[in-house]
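A quick write-up on the structure given underneath.
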Amino acid sequence: MKKFALLIMFICALLVTGCDININSSDNKDPKPVTDVKKDQSFVVYRASADGTEKLLPEKITVQDNGKAIEYNALVALCTTKPQDAKMDDIFPVGTKVLKLEVKDGIAYADFSKEIKNASKGSYNEMLICYAIVNTLTEFKHIQKVQILVEGKKCITLNGHMDIEDPLKRNATLL
Numbered sequence: 013m014k015k016f017a018l019l020i021m022f023i024c025a026l027l028v029t030g031c032d033i034n035i036n037s038s039d040n041k042d043p044k045p046v047t048d049v050k051k052d053q054s055f056v057v058y059r060a061s062a063d064g065t066e067k068l069l070p071e072k073i074t075v076q077d078n079g080k081a082i083e084y085n086a087l088v089a090l091c092t093t094k095p096q097d098a099k100m101d102d103i104f105p106v107g108t109k110v111l112k113l114e115v116k117d118g119i120a121y122a123d124f125s126k127e128i129k130n131a132s133k134g135s136y137n138e139m140l141i142c143y144a145i146v147n148t149l150t151e152f153k154h155i156q157k158v159q160i161l162v163e164g165k166k167c168i169t170l171n172g173h174m175d176i177e178d179p180l181k182r183n184a185t186l187l
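Quick note: the sequence shown uses my numbering, first residue 13, plus one each step.
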């Protein structure tokens, strides 16, 4: 029995002295808090001039990175946000959505919901919508042309005025 009592005391002594943890030790510092740092994405979109001239004006937009491609976020911002400057006009039909954006061999395939075809104001508005899309996407060096799609399909025109059957190049004369 004495041996058993000695063994218990020895184990207790080991536990007490062997488990002495120095809380103030430099090895035991609290880890730095983990923060979910999200970067911002900045890009330029082109908006119609509010004065009625056939001009597209650049607007710099910054959004929080949502994990999607910057080109996609630029296109969504163009279609769904209002201009910050009174010199610019919002020409996209209400409800227009970007369904998909794919870039292949220098051509961006920008797919929109059918609402994009609800544009009014005739050929002027249709041209500015198309080139607002094209000039916004060709701001990205790896995109040279833009194919505008509606509900996944090529269209001859959005509203009967401008041929969009083939990919469009940047139009610098509107800038």
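Ideal placement from N, C-alpha and C gives every residue a C-beta, glycine not left out.
Tell me the DSSP secondary structure of residue i in three-state form.
i: M139; result: helix
i: K181; result: strand
i: I160; result: strand
i: T169; result: coil
i: L186; result: helix
Around the Cβ of residue i, are there at least 16 other Cβ atoms within 10 angstroms (buried) or fewer (exposed)?
i: V106; result: exposed
i: T150; result: buried
i: T74; result: exposed
i: I168; result: exposed
i: E177; result: exposed
i: L111; result: exposed
From residue i to residue j, what distance separates their C-alpha atoms?
i: A98; j: A122; result: 27 Å
i: T108; j: S132; result: 13 Å
i: I35; j: N85; result: Only weak support is given to the placement of I35: the predicted model assigns it a pLDDT of 40, under 50, and the value that follows is read from those uncertain coordinates. Roughly 48 Å between the two C-alpha positions.
i: L161; j: L186; result: 22 Å
i: Q53; j: N171; result: 33 Å
i: Q159; j: E71; result: 22 Å
i: I141; j: S135; result: 10 Å
i: E130; j: V146; result: The displayed chain sequence assigns Asn, not Glu, to residue 130. The alpha-carbon atoms of N130 and V146 are separated by roughly 19 Å.
i: M174; j: M139; result: 7 Å
i: N78; j: K50; result: 8 Å
i: E66; j: F104; result: 16 Å
The ligand MG and residue i: does any heavy atom of the ligand fall closer than 7 Å to the residue's C-beta?
i: T185; result: In the structure on display, the ligand MG does not appear, and there are no ligands present to speak of.
Between which two residues does the alpha helix (DSSP H) holding residue i run?
i: V88; result: I82 to T92
Does any residue of chain D bring its CB to less than 8 Å from the CB of residue i?
i: A122; result: Here chain D cannot be found, since the structure has a single protein chain.
Any idea which residues DSSP pairs residue i with across the strands?
i: R59; result: L69
i: V75; result: Q53
i: L113; result: A122
The beta strand (DSSP E) spanning residue i covers which residue range?
i: F152; result: Per DSSP, F152 belongs to no beta strand (DSSP E) and is neither H nor E.
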